[in-house]
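First the structure, in the form of structure tokens, and then the observations on it.
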């Protein structure tokens, strides 16, 4: 069961110095064969019947009321494969009974099994301004944001005793707003308000699809009792459609806007938005498809607003002001299990485990302008690379409602905030240790496959924290590449020309091909287990630079300490630097039985 809103604090990993950009797709010298790579055209956008969402989003008005003319309706038009709207709220036709029944059954199950804590959180999410609720996604920086933005709500944490009979509306702060545009963080507040502007409503889609709320479909849906006063009577049901969820739309709009300004909390904010969306199911107010539709709609609307040239100056101001005013730390946590658990929670919140209904294995489509959704998260990637991140982290095909023509429904922004999901093309990045934020140091937590290679340049640090299987190899031309899992470096050759490759894996770091180290480059090993080599190379290990070994974590350094195993160590051995040795230990490198060993030469 997805968690209620409060969640873990971000843990900053203090291991490394900061990173920045380089020319991506300047075809790295270390490259996979073109025949093995995904064609470059795969990330080209495709138009829908209404055109491109980013070009037509201002048509989300009462003047445009069809899927062909209004993108907010058109992006959700896969719903028409399961449901035909009627002339009023209760005379539509179910076309796909399996989808419809699973959709409502999910809410029956969720509402019948929710905890009191989840019911309380669902009430607060319903009654509070969604932008205010999304501040919680800033985690440890949330209270500072509230103070600097003068954010406020009149809905208290403790639900009033008379809420069973009285409807409470959020009146915001003393100025009647969720936060103030003339505050120290006013530009961020204005960015949220702009992304949630006049074209961001879900009402036009609700009016078109006329799909009822779940409690009108089934008496087995248990509404949160304190929301009974909020529920519209049947006489007003015609203006109370369920698809798509307006609260979910608002939560993702606000979350993406805040994530643009404060990218240090990008995935926290997306998870918070998904929690708020899921709470609509726990409340009994919306069905699974309603909530899925709300996320899809918000994704297109947010991208369109961020891509609008009229908002470029505001975006720049908001990101700069947030960087100056908030004392944020980068989230450099490399705990793979923790990340996978959060990713699973996000997917549960946004897909509800509904059975696929469309064709499986269809390649993703990346919508026009979608790269704007993650631009501030990756200041060192160019437009094409941003689109490949979205492509490689997309949801599987066939999920209900999600296979729209442009590709908005399959974007997985939580995963996209955590690096590439595949190297579908050769990837070259350059990070700058003097840059701000993720331009100086970043973590890619996803499990990366694909035929492409990775080339790192610059002076900053890139951390690979996934269980990776990409086959194109790794080349380090500058900067520091940190491997925190056994398979972080993929399955092929690793070439270290300049800079540093740092091993910080639990267990033995694997190189699936040959390891080549040039003079002036450093291979750094952190030894925490004296019984096994820190690095295993399937092929030859040609070591010509510096081997830096840290044995500080060992309670006792043995007279013979295995460091690297390889098929062969041709030529001279590297120069050696050792940290953490006991007094009197005279370190020396020897090759014995295919293992490069640190020995005490006394």
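Numbering (mature numbering (1 follows the signal peptide of the UniProt record, and there is no 0)), first residue to last: -26 to -1, 1 to 576. Ideal Cβ placement from N, Cα and C applies to all residues, glycine included.
In the structure shown, residue 300 adopts coil according to DSSP, grouped into three states.
Residue burial is scored here from C-beta neighbours: residue 453 has at least 16 other C-beta atoms within 10 angstroms and is therefore classed as buried. For residue 394, the closest of 371, 367, 148 and 323 by C-alpha to C-alpha distance is 367. A distance below 6 Å between beta-carbons, with the five flanking residues on each side excluded, links residue 292 to the following residues of its chain, in chain order: 161, 162, 165 and 235. Taking a contact as a CB-CB distance under 8 Å, the pair residue 446 and residue 466 counts as one, their CB atoms being some 6 Å apart.
Taking all protein chains shown into account, residue 406 has 16 or more neighbouring C-beta atoms within 10 Å of its C-beta and is therefore buried.
In this structure, residue 347 places its C-beta atom within 9 Å of the C-beta atom of residue 276. For residue 41, there is no enclosing beta strand (DSSP E), as DSSP marks it with neither H nor E.
If you look at residue 219, you'll find it isn't in any beta strand (DSSP E); DSSP assigns it neither H nor E. When C-alpha distances from residue 122 are compared across 158, 102 and 139, the shortest belongs to 158.
DSSP places residue 383 within a helical segment (H, G or I) once states are collapsed to three.
At a Cβ-Cβ threshold of 9 Å, residue 572 and residue 517 do not count as neighbours. One thing to note: residue 537 has its Cβ no nearer than 9 Å to the Cβ of residue 556. DSSP assignment within the segment 63 to 127 yields the following whole alpha helix (DSSP H) runs of 4 residues or more, N-terminal first: 71 to 87, 90 to 101, 104 to 108 and 116 to 123.
In this structure the segment 165 to 184 lies against the segment 211 to 224, because at least three pairs of beta carbons, one per stretch, are closer than 8 Å. Within the segment 298 to 346, the complete alpha helix (DSSP H) segments at least 4 residues long are 310 to 325, listed from N- to C-terminus. By the Cβ criterion, the segment 82 to 98 is in contact with the segment 129 to 143, since at least three pairs of Cβ atoms, one from each stretch, lie closer than 8 Å. Remark: C-beta atoms of residue 463 and residue 502 do not approach each other more closely than 9 Å. A buried status is given to residue 256, since no fewer than 16 other beta-carbon atoms sit within 10 Å of its beta-carbon. When only Cα atoms are considered, residue 10 and residue 426 end up about 8 Å apart. Taking residue 77 as reference, the option from 107, 414, 65 and 260 with the minimal CA-CA separation is 260.
Contact check for residue 509 against residue 271 fails: the beta carbons are separated by 9 Å or more.
Take residue 188, set aside five residues on each side of it, and the residues of its chain with a beta-carbon closer than 6 Å to its own are 78, 81, 195 and 261, in chain order.
Sorting 28, 410 and 59 by C-alpha distance to the C-alpha of residue 40 places 59 at the top. If you check the CB distance, residue 543 and residue 570 come in under 9 Å. In this structure the segment 406 to 418 does not lie against the segment 374 to 387, because fewer than three pairs of beta carbons, one per stretch, are closer than 8 Å.
Taking a C-beta distance under 9 Å as the contact criterion, residue 391 and residue 228 do not qualify as a contact pair. If you draw a straight line from the Cα of residue 429 to the Cα of residue 439, it is about 16 Å long. In the DSSP assignment, the residues bridged to residue 475 are 455 and 497. By the Cβ-count criterion, residue 13 is exposed, with fewer than 16 other Cβ atoms from all chains shown falling within 10 Å of its own Cβ. Counting only runs that start and end inside the segment 122 to 162, there is no alpha helix (DSSP H) element of at least 4 residues.
Inter-residue distance for residue 230 and residue 244 is about 7 Å (C-alpha atoms, whole angstroms). Comparing alpha-carbon positions, the option among 473, 437, 258 and 436 lying closest to residue 451 turns out to be 473. The Cβ atoms of residue 240 and residue 349 do not sit closer than 9 Å to each other.
In this structure, the straight-line span from the alpha carbon of residue 336 to that of residue 328 is close to 18 Å. Nearest to residue 455 by alpha-carbon distance, out of 442, 431 and 444, is 431.
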